[in-house]
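**Student:** Have a look at this one.
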Amino acid sequence: MLRSALVIAALTLASPALSAQCGNSSGGYNAWKAEFAREAAQAGVGQRGLAALASTQYAQRTINADRNQKSFKYSLSKFMQVRGADTIVAQGRKRKARNAAFYNSLEAKYGVPAGVIIAIHGMETGFGNFMGDSNVVSSISTLAYDCRRSDFFTGHALAALKLVDRGIISPNSIGAKHGELGHTQFLPGNVLKYGQDGNGDGRIDLNNLADAMASTANFLKGKGWKRGAGYQEGQTNFAVIKQWNAAGVYQKAIAIMAGKIDG
Numbered sequence: 001m002l003r004s005a006l007v008i009a010a011l012t013l014a015s016p017a018l019s020a021q022c023g024n025s026s027g028g029y030n031a032w033k034a035e036f037a038r039e040a041a042q043a044g045v046g047q048r049g050l051a052a053l054a055s056t057q058y059a060q061r062t063i064n065a066d067r068n069q070k071s072f073k074y075s076l077s078k079f080m081q082v083r084g085a086d087t088i089v090a091q092g093r094k095r096k097a098r099n100a101a102f103y104n105s106l107e108a109k110y111g112v113p114a115g116v117i118i119a120i121h122g123m124e125t126g127f128g129n130f131m132g133d134s135n136v137v138s139s140i141s142t143l144a145y146d147c148r149r150s151d152f153f154t155g156h157a158l159a160a161l162k163l164v165d166r167g168i169i170s171p172n173s174i175g176a177k178h179g180e181l182g183h184t185q186f187l188p189g190n191v192l193k194y195g196q197d198g199n200g201d202g203r204i205d206l207n208n209l210a211d212a213m214a215s216t217a218n219f220l221k222g223k224g225w226k227r228g229a230g231y232q233e234g235q236t237n238f239a240v241i242k243q244w245n246a247a248g249v250y251q252k253a254i255a256i257m258a259g260k261i262d263g
């Protein structure tokens, strides 16, 4: 969910304006880190979060990935082929049938049909088969420092530090190269705002399937999902799918696959 809409307003309304100097290479990262630490402390980040920030390193692989997102430039048919849409649909139908009670309970609570959540799960991580190989705090901090989209990622970097404070993630937590977490690749600010304890163990863990699916449904509900309304392009809930990812081919692919999974 790399291009999900920024949801950190609640975090930043009471925070000072952030002004740490962004950069486009590793050279200024340590100076940025020192300034950002002062601003993060003023924004309410505690000692555990600040220590996590101090231990981060400039994530060059994250910057390389951010500059090379070719698949979103494909046609819809090419995008679906490259991303394995037929496999996602086939496996998605099996997952829905195998865990019907679970997905029915999510729809009853949040109003979101199984196909949508399952399609997102398949698209984001191949149903949890690959949830990333990068340090979350370093990745998201690097993106907050990088001038290209500093405004977008600064709130998510603050959120990541607060998640460390709360014990939801650790300084060593692993996710995708843009700092996304878990089965459906939540950005840290979205974890903070929409994260759910889906399995009732008293904590939020996006690497846990139940928590991730419940959090995904809660995100869509929070973005305005209308229970019982359609979600294909041109229908009411397609606008909510747009809130998950800003790429048009991604949005259309999710709707098409979800419709096939839901039958």
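FYI, in our numbering the residues of the sequence shown are 1 to 263. By construction, the Cβ of each residue, glycine as well, lies at the ideal position given by its N, Cα and C atoms. Being a predicted model, the structure only gives us computed values, none of them experimental.
#1: I'd like the list of long-range same chain contacts for Thr-12, defined as Cβ closer than 6 Å, with 5 residues on each side in sequence excluded.
#2: Counting C-beta neighbours from all protein chains within 10 Å, is the total for Phe-130 16 or more, i.e. buried, or is it exposed?
#3: Who does Asp-146 pair with in a DSSP beta bridge?
#4: Give the straight-line distance between the Cα atoms of Thr-184 and Ile-174, rounded to the nearest whole angstrom.
#5: What does a CB cutoff of less than 6 Å around Ala-258 pick up in its chain, not counting 5 residues either side in sequence?
#6: Any idea if Gly-122 is buried or exposed, counting beta-carbon neighbours within 10 angstroms, 16 or more meaning buried?
#7: Are Leu-143 and Ala-52 touching if we call contact CB-CB under 8 Å?
#8: Beta-carbon within less than 6 Å of Met-80's beta-carbon, same chain only, minus the 5 sequence neighbours each way: which residues are those?
#9: Can you have a look at Thr-87 and say buried or exposed, based on whether 16 or more other CB atoms are within 10 angstroms of its CB?
#10: By the three-class DSSP mapping on this structure, what secondary structure does Ile-169 have?
#11: Candidates Leu-181, Asn-218, Ala-246, Asp-66: which alpha carbon is nearest Ala-108's?
#12: Opposite Ile-174 in the DSSP bridges: which residues?
#13: Just to confirm the assignment: which complete alpha helix (DSSP H) runs, minimum length 4, are found wholly within the segment 62-95?
#14: Suppose contacts are defined by Cβ-Cβ distances below 8 Å. Is Trp-32 in contact with Gln-21 by that definition?
#15: What number of angstroms, rounded off, separates the C-alpha of Phe-153 from the C-alpha of Phe-102?
#16: Grouping DSSP H, G and I as helix and E and B as strand, with all else coil, what is Leu-187?
#17: With distances taken between CB atoms, is the gap from Gly-287 to Glu-180 smaller than 8 Å?
#18: Use the C-beta contact count for Asn-135: other C-beta atoms within 10 angstroms, 16 or more gives buried, fewer gives exposed.
#19: Helix, strand or coil for Leu-206, going by three-state DSSP, please let me know.
#20: Report the rounded CA-to-CA distance for Ser-141 versus Glu-124, giving the unit in angstroms.
#21: Given a cut-off of 8 Å, decide if Tyr-29 and Val-249 are closer than it, judged by their beta-carbon atoms.
#22: Judging by CA-CA distance, which residue of Val-82, Tyr-145, Gly-128 is the nearest neighbour of Gln-57?
#23: Do Val-45 and Asp-165 count as a contact pair if the criterion is CB distance below 8 Å?
#24: Rounded to the nearest angstrom, what separates Ala-229 and Asn-199 at their Cα positions?
#25: Could you check which residue in Asn-64, Glu-39, Leu-206, Arg-61 has the C-alpha nearest to that of Gly-167?
#26: To the nearest angstrom, report how far apart Lys-177 and Ile-169 are at their CA atoms.
**Tutor:** Looking at the atomic coordinates:
#1: Because the pLDDT at Thr-12 is just 40, under 50, the model does not fix this residue reliably, and the point stays unresolved.
#2: Around the beta carbon of Phe-130, fewer than 16 other beta carbons lie within 10 angstroms, which makes this residue exposed.
#3: Beta-bridge partners assigned by DSSP to Asp-146: Gly-23.
#4: Approximately 14 Å, taken between the alpha carbons.
#5: Excluding its 5 nearest sequence neighbours in each direction, Ala-258 has C-beta neighbours in its own chain below 6 Å: Gly-115, Val-116, Ala-119, listed in chain order.
#6: Burial check for Gly-122: the Cβ neighbour count within 10 Å reaches 16 or more, so the residue is buried.
#7: No, these two residues do not count as a Cβ contact at 8 Å.
#8: Listed in chain order, the non-local C-beta contacts of Met-80 below 6 Å within the same chain comprise Ala-253, local neighbours out to five positions each way being set aside.
#9: Answer is exposed; the Cβ neighbour count stays below 16.
#10: Correct three-state label for Ile-169: coil.
#11: Here the closest residue by C-alpha is Asn-218.
#12: For Ile-174, which the question treats as bridged, DSSP gives the partners Asn-135.
#13: Within the segment 62-95, the complete alpha helix (DSSP H) runs of at least 4 residues fall at 76-82.
#14: Yes, the Cβ-Cβ distance between Trp-32 and Gln-21 is below 8 Å.
#15: Going by C-alpha positions, Phe-153 is about 33 Å away from Phe-102.
#16: Three-state DSSP puts Leu-187 in coil, outside helix and strand.
#17: The requested residue 287 does not occur in the structure, where the chain is confined to residues 1 to 263.
#18: Burial call: buried.
#19: Coil.
#20: The straight-line gap from Cα to Cα measures roughly 21 Å.
#21: Remark: C-beta atoms of Val-249 and Tyr-29 do not approach each other more closely than 8 Å.
#22: Minimum Cα distance to Gln-57 is reached at Tyr-145.
#23: The beta carbons of Asp-165 and Val-45 sit closer together than 8 Å.
#24: For Ala-229 and Asn-199, the gap between their C-alpha atoms comes out near 27 Å.
#25: Considering only Asn-64, Glu-39, Leu-206, Arg-61, the residue with the shortest C-alpha distance to Gly-167 is Leu-206.
#26: The alpha-carbon of Lys-177 is positioned some 16 Å away from that of Ile-169.
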